[in-house]
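Using the UniProt record's numbering, you'd call the opening residue of the sequence shown number 1 and step up by one each time.
Structure first, then comments.
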Amino acid sequence: MKQYLTGILAVILIVSLIFNGILYSRYSTSRPIVTFNGESITKKDYQDALEYQAGKPVLNKMVYAMLVDQAAKRAGVSSKPDQVDARINEMRRSTPQLVPDQAADPVKYATFKQDLGSDISLENLRLKGVTADEAEIQDYYQNHKSQFTLPLQVKTTMVVTDNTQDSGTAEADLKQSLAEDVIARQPGLHVVGVNGFQINMDTLPPPYRNAISQAVLHMNPGDVKTIQLGKDYVTFKVKTADATGLPPLSKIHDLVTRQVMLQKAPSAALVVARLFKEAKPKFNSTRYEAYFQDVESADIK
1 MKQYLTGILA
11 VILIVSLIFN
21 GILYSRYSTS
31 RPIVTFNGES
41 ITKKDYQDAL
51 EYQAGKPVLN
61 KMVYAMLVDQ
71 AAKRAGVSSK
81 PDQVDARINE
91 MRRSTPQLVP
101 DQAADPVKYA
111 TFKQDLGSDI
121 SLENLRLKGV
131 TADEAEIQDY
141 YQNHKSQFTL
151 PLQVKTTMVV
161 TDNTQDSGTA
171 EADLKQSLAE
181 DVIARQPGLH
191 VVGVNGFQIN
201 MDTLPPPYRN
211 AISQAVLHMN
221 PGDVKTIQLG
231 KDYVTFKVKT
241 ADATGLPPLS
251 KIHDLVTRQV
261 MLQKAPSAAL
271 VVARLFKEAK
281 PKFNSTRYEA
291 YFQDVESADI
301 K
């Protein structure tokens, strides 16, 4: 019996050591994550540096977003999905470079939508009780024309190939107005936006980006053109081109009205400071409380 118990204890001890080893390798903050020349950087070193560099803005953002969400719900002015979608469509027309590509980076796009929802909720809180008359709206429109002037925006179909024969096929298909998914099914033809194929314009060399921009800007709807970028060929067809210019006030009246009201409303910083002080948050560490010294000392009168 004694030998039997000793054997069981030995097995338990071995299993315990193995389990502890797994826990250490996975969760211990003192374990090295990289070693070179006899020195190591531990998980704790990395986490401390990361928190030191990014901890304050990340925690600020989380706390302020929660405060705004709670206050907007209480006031009945939380942002609605259609408000967020409308703002994104507006940005795609006026400042498309600020809208992440949903297909290329769905996580970044989802975060962008969430942040935009918080921004709109905060705007709605600021606008409570604020009004604007027609004279103010007309005046703002006349004095802020550059704010509402739209850039030229071109929608295209882009096909990438690696030889002139395939680029010729792409040109012929686009001139026949074949559907993008039909073109993409042909060997050697890669249609941007179909089957997950994308071109990251941000990582292209400046001469390539400039070549694409210049080619597209000098084309009319229905035009098809191929340019060579290194070893690849990019074939474009312009689908639509929205003209640049200042829309009439009648088309953007709601947008201008909101801008007038926001200009008259309490600042975002003031509203957030009020919400923070009213909430009286309790911190379990002075380290994190220090992240909010600026808002705690803000004058909210």
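Beta carbons: idealized from backbone N, C-alpha and C, even for Gly.
So residue i packs on residue j, CB below 8 Å; how close in whole Å?
| i | j | result |
| --- | --- | --- |
| valine 191 | isoleucine 212 | Going by Cβ atoms, the distance from valine 191 to isoleucine 212 rounds to 15 Å, so no, they are not a contact pair. |
| residue 302 | leucine 174 | Any question about residue 302 goes unanswered here, given that the chain covers just 1 to 301. |
| glutamine 165 | isoleucine 120 | Rounded, the Cβ-Cβ distance is 50 Å, inconsistent with contact. |
| asparagine 60 | tyrosine 288 | Not really, about 10 Å apart at Cβ, beyond 8 Å. |
| leucine 150 | proline 248 | That belief does not hold up - the Cβ atoms of leucine 150 and proline 248 are roughly 12 Å apart, past 8 Å. |
| phenylalanine 236 | valine 216 | 6 Å |
| leucine 275 | valine 68 | 7 Å |
| valine 221 | valine 238 | One point to set straight first is that residue 221 is proline, not valine, in the sequence displayed. With a Cβ gap of about 5 Å, proline 221 and valine 238 count as contacting. |
| valine 159 | alanine 172 | The Cβ separation is near 11 Å, so there is no contact. |
| threonine 226 | serine 167 | 5 Å |
| threonine 244 | leucine 152 | 4 Å |
In terms of alpha-carbon separation, which member of the options lies closest to residue i?
| i | options | result |
| --- | --- | --- |
| alanine 269 | Arg126, Gly38, Tyr52 | Arg126 |
| asparagine 210 | Pro106, Gly38, Leu229 | Leu229 |
| lysine 43 | Pro32, Tyr52, Met201, Asn37 | Pro32 |
| leucine 122 | Tyr140, Ala65, Asn37, Phe283 | Ala65 |
| alanine 104 | Lys301, Asn163, Ile199 | Ile199 |
| aspartate 232 | Thr95, Pro81, Gly188 | Gly188 |
| serine 30 | Val182, Asp45, Phe36, Lys128 | Asp45 |
| lysine 251 | Gln176, Gln138, Gly222 | Gln138 |
| threonine 257 | Pro106, Ser285, Gln142 | Gln142 |
| aspartate 85 | Val99, Ala75, Gly76 | Val99 |
| arginine 87 | Glu51, Gln102, Ala72, Lys113 | Lys113 |
| alanine 184 | Thr203, Asn163, Thr157 | Thr157 |
How would you write the range of the alpha helix (DSSP H) that residue i sits in, first residue to last?
| i | result |
| --- | --- |
| isoleucine 183 | 180-184 |
| methionine 158 | First-last for methionine 158: 153-161, but that is the beta strand (DSSP E), not the alpha helix (DSSP H). |
| leucine 125 | 106-126 |
Need the endpoints of the beta strand (DSSP E) that residue i sits in, please.
| i | result |
| --- | --- |
| threonine 233 | Here residue 233 is tyrosine; the residue named in the question, threonine, does not match the sequence. Counting along the chain, the beta strand (DSSP E) containing tyrosine 233 begins and ends at 232-242. |
| isoleucine 41 | 39-42 |
| glutamine 102 | No beta strand (DSSP E) holds glutamine 102; DSSP gives it neither H nor E. |
| proline 32 | 32-36 |
Keeping to the same chain, check which residues put their C-beta closer than 6 Å to that of residue i; ignore five residues upstream and five downstream.
| i | result |
| --- | --- |
| leucine 23 | Reliability of the predicted coordinates at leucine 23 is poor, the pLDDT of 41 falling under 50, and the value obtained from them is presented with this limitation in mind. Answer for leucine 23: no residue qualifies. |
Between which residues of its own chain and residue i is the CB-CB distance below 8 Å, once the five residues before and five after are set aside?
| i | result |
| --- | --- |
| valine 63 | Phe276, Pro281, Phe292 |
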